[in-house]
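Structure first, commentary second.
Residue numbers (full-length UniProt numbering): 1 to 43.
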């Protein structure tokens, strides 16, 4: 794995994520306050 860190659910292997995908509750980030994009100089 080199310099990587692998974090897996307790009691389950990383295969769990590949089999079931990442899941979140319906209200995940429902109240996120995202400001408008800033004006930036062109590159």
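The C-beta atom is built at its ideal place from N, Cα and C for all residues, glycine as well.
Residue 28 (DSSP reduced to helix, strand or coil):
coil
Using the three-state DSSP reduction, which class does residue 15 fall into: helix, strand or coil?
helix
Please confirm whether residue 14 and residue 22 have their CB atoms less than 8 Å apart.
Going by C-beta atoms, residue 14 is not nearer than 8 Å to residue 22.
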